[in-house]
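Each residue of the sequence shown is one higher than the last, beginning at 240 in this note's numbering.
We put the beta carbon where it would ideally sit given N, CA and C, even for glycine.
The structure displayed is predicted, hence computed values, not measured ones.
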Amino acid sequence: MQREEIIRIAGTIDDESVTAIEAMDATPAELMEAMNWLANDEALVSEGRHMPAGRIARLVDILEAPEQEIDPLDH
C-alpha cells in the first residue's frame with residue numbers, strides 16, 4: 240500500500256506509523272480489519288471472534304502506539 244491509501248483508511252497518523260505499515264506490505268483489507276479492531280474490540284470479542292493475530296495484530300500495535308504516547312497532563 241502507498242502512503243496515500245494508508246492515510247485514506249487510517250486517517251491522520253504519524254509518519255513513523257505510515258512508514259512501518261508501508262514496510263509491512265499490508266493489504267487495504269488487513270488495515271481496515273485492524274482499524275475495526277481498534278474501534279470495536281469488545282464487540283468483536285463478544286461476537287466470539289478471536290483476537291487478531293499475525294499481520295493484523297502487528298497493525299493494531301502500530302496504530303495503538305501513538306495513542307499510548309499522549310500525556311493526559313499536556314491537555
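Pull up the CB-CB distance for residue i and residue j, whole angstroms please, since I reckon it's below 8 Å.
i	j	result
I252	L298	Actually they do not touch by this definition, with Cβ atoms about 11 Å apart.
E269	I295	6 Å
Quick check on residue i: buried or exposed, where buried means 16 or more other Cβ atoms within 10 Å of its Cβ?
i	result
R247	exposed
P267	exposed
A262	exposed
A265	buried
A249	buried
A278	exposed
Going by DSSP in three states, residue i sits in which element: helix, strand or coil?
i	result
I252	coil
M274	helix
T258	helix
P267	helix
Between residue i and the rest of its own chain, which residues show a CB-CB distance below 6 Å, the 5 nearest in sequence each way excluded?
i	result
V257	R242, I245
E272	I295
Suppose the cutoff is 7 Å on Cβ atoms and the five residues either side in sequence are ignored; what does the same chain contact list for residue i look like?
i	result
S285	none
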